[in-house]
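Residue 119 in the working numbering sits at position 20 of the sequence shown, with consecutive numbering throughout.
A virtual CB, placed ideally from N, CA and C, is assigned to each residue, including glycine.
No experiment lies behind these values; they were computed from the predicted model shown.
Reading through the structure tokens given below for one structure.
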Amino acid sequence: KESTSKRDRQSNTGSLADELRHDYVGVDAGPEVWWAIELPKPATIRRVAIAAGQINERGGWLDTAAGKPQVQIQRLSKGPCDTVATLDTSPATTAAAAPPIHPGQSFEVTLKQPAQAVAVRLLGKAAREFASLAELSAY
Numbered sequence: 100k101e102s103t104s105k106r107d108r109q110s111n112t113g114s115l116a117d118e119l120r121h122d123y124v125g126v127d128a129g130p131e132v133w134w135a136i137e138l139p140k141p142a143t144i145r146r147v148a149i150a151a152g153q154i155n156e157r158g159g160w161l162d163t164a165a166g167k168p169q170v171q172i173q174r175l176s177k178g179p180c181d182t183v184a185t186l187d188t189s190p191a192t193t194a195a196a197a198p199p200i201h202p203g204q205s206f207e208v209t210l211k212q213p214a215q216a217v218a219v220r221l222l223g224k225a226a227r228e229f230a231s232l233a234e235l236s237a238y
């Protein structure tokens with residue numbers, strides 16, 4: 100679980116790997132938004148979990164109208180990110196109304212096959228002005 104976190108366009112500070120569900124990492128809206136954790140050494144992962152970040156009238160959630168968030172892995176340092184799953188447990192949402200998701204709420208996916216990774220990334224589309232995530236974990 101030890102890792103460092105990265106994010107797309109940063110709008111606040113925080114960590115995705117600190118096991119604190121009350122803080123969050125927000126990113127400004129764009130065509131796509133993402134958050135990533137880098138593992139300290141290559142590891143085989145079977146499951147990826149997230150915890151929702153802060154949600155308010157300005158945003159915080161992902162718009163899933165065009166598709167659920169993608170779970171991607173990086174198999175080699177500085178290599179491409181490959182989609183290995185979609186976060187189907189994430190609720191269907193749009194930008195029209197805030198979803199019934201509370202900060203810290205967990206969603207997870209089990210990969211169809213174990214995968215060797217040096218980094219894990221969640222990719223989605225912000226529903227409004229920003230999107231936020233409290234935790235991103237790989238097991």
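The three-state reading of DSSP puts Ala164 in coil, since its state is none of H, G, I, E or B. Counting C-beta atoms within 10 angstroms of its own C-beta, Asp187 has fewer than 16 neighbours from the protein chains shown and is therefore classed as exposed. Between the C-alpha atoms of Gly158 and Glu234 there is a straight-line separation of about 17 Å. Put simply, of Gly178, Ala165, Val183 the residue whose alpha carbon is nearest the alpha carbon of Gly223 is Ala165. Assigned with DSSP and collapsed to three states, Pro198 falls in coil, not helix or strand. Inter-segment contact for the segment 197-204 and the segment 173-186 is absent: fewer than three beta-carbon pairs are separated by less than 8 Å.
The C-alpha of Ile200 lies about 25 Å from the C-alpha of Ile172. Pro179 and Glu137 have their C-alpha atoms spaced approximately 13 Å apart. Taking the C-beta atoms as reference points, Thr163 is found nearer than 7 Å to Thr192. Straight across, the Cα-Cα distance linking Glu156 with Ala237 is about 30 Å. By alpha-carbon distance to Ser176, the top candidate from Ala194, Glu131, Ala218 is Ala218. Listed in chain order, the beta strand (DSSP E) elements of length 3 or more contained wholly in the segment 209-233 amount to none. For the options Lys140, Val170, Glu131, Val132, the alpha carbon positioned closest to that of Ile149 is the one of Val170.
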